[in-house]
Amino acid sequence: LRSALFPASLQLARIQTDSVVEMLREFYPDLCFEIVAMSTTGDKILDTALSKIGEKSLFTKDFITCLYTMLAYCITYLLLVSVLHAKYSSKLYTSKFVIGTSSLRRAAQLKKKFPQLEFRDIRGNLNTRLKKLDEKEDFSAIILAAAGLKRMGWENRIGQGALAVEVRAKDQETLNMVSALHDGETVLCCIAERAFMKRLEGGCSVPVAVNTMLKDGQLYLTGAVYSLDGSDSLKETMQTSVNYPQRNEDGPNDDVQHVGITAKNVPGQAQEAAENLGIEVASLLLSKGAKHILRVARQLNDAC
Numbered sequence: 346l347r348s349a350l351f352p353a354s355l356q357l358a359r360i361q362t363d364s365v366v367e368m369l370r371e372f373y374p375d376l377c378f379e380i381v382a383m384s385t386t387g388d389k390i391l392d393t394a395l396s397k398i399g400e401k402s403l404f405t406k407d408f409i410t411c412l413y414t415m416l417a418y419c420i421t422y423l424l425l426v427s428v429l430h431a432k433y434s435s436k437l438y439t440s441k442f443v444i445g446t447s448s449l450r451r452a453a454q455l456k457k458k459f460p461q462l463e464f465r466d467i468r469g470n471l472n473t474r475l476k477k478l479d480e481k482e483d484f485s486a487i488i489l490a491a492a493g494l495k496r497m498g499w500e501n502r503i504g505q506g507a508l509a510v511e512v513r514a515k516d517q518e519t520l521n522m523v524s525a526l527h528d529g530e531t532v533l534c535c536i537a538e539r540a541f542m543k544r545l546e547g548g549c550s551v552p553v554a555v556n557t558m559l560k561d562g563q564l565y566l567t568g569a570v571y572s573l574d575g576s577d578s579l580k581e582t583m584q585t586s587v588n589y590p591q592r593n594e595d596g597p598n599d600d601v602q603h604v605g606i607t608a609k610n611v612p613g614q615a616q617e618a619a620e621n622l623g624i625e626v627a628s629l630l631l632s633k634g635a636k637h638i639l640r641v642a643r644q645l646n647d648a649c
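Position one of the sequence shown corresponds to residue 346 (the working numbering), numbered consecutively onward.
As structure tokens, then:
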């Protein structure tokens with residue numbers, strides 16, 4: 346029996362967990378999988394902007410406790426162990442007047458390009474946010490990830506994300522099992538992006554943005570930091586080769602984690618190159634003044 350957890354209040358989370366379990370059942374038809382709903386701290390605090398809560402891992406730490414206490418074998422959420430193919434990484438923005446988003450990152454980017462827009466915080470799952478848009482006059486539009494709407498079957502409302510499966514680091518049996526689900530290209534993109542965010546200490550409380558693209562064996566990463574009003578920003582793009590062959594035999598570094606991701610079926614050299622790319626772009630931004638921009642952004646956010 347293998348238990349998979351998902352946030353109890355999120356219909357999208359259940360759909361995503363079902364899709365992962367369905368794929369696992371195709372690979373392991375003799376195993377029995379149990380899906381369990383669980384509420385998290387982030388699900389319970391809906392009256393406060395994420396950037397104001399001042400706490401990391403709001404949507405994951407309760408799940409991780411269950412992993413450590415052996416109450417579950419794996420967790421499914423949007424991006425750490427098994428990374429599935431990412432869908433619709435680009436977001437569609439509107440030039441309406443009042444825009445709803447809980448992301449400082451997205452608001453800062455839009456403020457830079459459209460300073461006349463007004464942004465208001467909006468919390469809740471997809472169902473709740475769309476209901477607020479439909480039934481209230483508070484928002485002209487809201488910013489959502491197209492991937493979530495697609496998975497919910499609401500393509501007509503589109504106007505993210507890589508799925509991740511997290512397991513215990515020393516649970517080799519489950520690690521080997523979920524490795525069958527890896528999408529190699531998405532793994533490398535996620536490693537680079539997470540390395541970039543880690544180097545900048547990015548989170549919900551600072552406007553840090555990153556985007557990756559893999560083409561012809563080259564991994565491209567564009568990273569940026571913004572002031573809260575979008576008036577000040579830094580943006581850089583770098584690339585690296587990730588065109589390394591996969592070894593047929595197990596090597597000494599097969600279980601090495603790169604920013605929390607263990608990908609046994611992705612060449613280790615490629616993973617290392619992706620991680621270094623993220624670190625290098627972040628370091629370049631820091632050398633050009635990103636630390637000051639982010640420090641001011643944190644101070645202003647805390648003061649609001």
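We put the beta carbon where it would ideally sit given N, CA and C, even for glycine.
Once DSSP output is grouped into helix, strand and coil, what is the label at residue i?
i	result
Lys441	Confidence is the limiting factor: at Lys441 the pLDDT is only 45, short of 50, which leaves the residue's position unreliable and the question unanswerable from this model.
Gln461	coil
Asn598	Model confidence at Asn598 stands at a pLDDT of 48, short of 50, so the residue's coordinates are unreliable; what they give is reported in the following sentence. Looking at Asn598 - three-state DSSP - the assignment turns out to be coil, as it is neither helix nor strand.
Lys580	strand
Val611	coil
Leu489	coil
Ala514	coil
Ser434	Below a pLDDT of 50, predicted positions are generally treated as unreliable, and Ser434, at 48, falls in that range; the measurement from the model is reported next regardless. Of the three classes helix, strand and coil, the one that applies to Ser434 here is coil, per DSSP.
Thr446	coil
Ala525	helix
Ser550	coil
Leu425	Caution is warranted here: a pLDDT of 39 is assigned to Leu425, below 50, making its placement in the model unreliable, and no coordinate value can be reported.
Ala509	strand
Ile409	helix
Ile467	coil
Report yes if the C-beta distance between residue i and residue j is below 8 Å; otherwise report no.
i	j	result
Leu462	Pro552	no
Gln454	Tyr565	no
Thr585	Ala618	yes
Phe484	Leu478	yes
Gly568	Leu639	no
Val532	Ile624	no
Leu559	Cys535	no
His527	Ala608	yes
Since residue i contacts residue j with CB under 8 Å, what's their CB separation in whole angstroms?
i	j	result
Pro612	Gln644	Between Gln644 and Pro612 the Cβ distance is about 42 Å, and since that is not below 8 Å, they are no contact.
Phe378	Ala525	Contact flag wrong, Cβ pair sits at about 14 Å.
Arg544	Ile360	Incorrect: roughly 33 Å between the Cβ atoms, too far for contact.
Val523	Glu538	Contact flag wrong, Cβ pair sits at about 20 Å.
Along the chain, where does the beta strand (DSSP E) containing residue i start, and where does it finish?
i	result
Val381	Phe378 to Met383
Gln644	Where Gln644 is concerned, there is no enclosing beta strand (DSSP E), although the alpha helix (DSSP H) it sits in stretches over Ala635 to Ala648.
So residue i is in the alpha helix (DSSP H); what residue range does that whole segment cover?
i	result
Gly529	Gly529 to Arg544
Gly568	That residue, Gly568, is in no alpha helix (DSSP H); its beta strand (DSSP E) goes Gln563 to Tyr571.
Lys560	That residue, Lys560, is in no alpha helix (DSSP H); its beta strand (DSSP E) goes Val553 to Lys560.
Glu480	Leu471 to Glu480
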